[in-house]
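Enquirer:
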Amino acid sequence: MTVQTAVSAKDIEVGFLSLQPIVKETPLEKDHYLSLKYDCNV
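Residue numbers (UniProt numbering): 1 to 42.
Written out as structure tokens, the structure is:
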């Protein structure tokens with residue numbers, strides 16, 4: 001059984017704001033191995 005639910009921009013904003021005090025911001029780091037393997041920036 002498959003259920004599809006539409007997610008609005010407002011839903012995303014509400015989720016972001018509710019998680020903001022809980023989730024710590026982490027920096028992105030380039031993965032050199034995967035970048036070389038797939039010839040792109042990962």
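Note that the Cβ used here is the ideal one computed from N, Cα and C, for glycine as well.
Note that this is a predicted model, so its numbers are computed, not measured.
Tell me, to the nearest whole angstrom, how far the beta carbon of L34 is from that of V42; I am working on the premise that it is less than 8 Å.
Expert: Taking the first residue of the sequence shown as 1, we reach residue 34 at position 34. Taking the first residue of the sequence shown as 1, we reach residue 42 at position 42. That pair is a contact at about 4 Å.
Enquirer: Express the C-alpha separation of T2 and E25 in angstroms, rounding to a whole number.
Expert: Against the sequence shown, residue 25 aligns to sequence position 25. Against the sequence shown, residue 2 aligns to sequence position 2. Approximately 33 Å, taken between the alpha carbons.
Enquirer: Just the C-alpha distance for A9 and K30, rounded to the nearest angstrom, thanks.
Expert: Numbered from 1 along the sequence shown, position 9 holds the residue referred to as residue 9. Numbered from 1 along the sequence shown, position 30 holds the residue referred to as residue 30. So the alpha carbons of these two residues sit roughly 28 Å apart.
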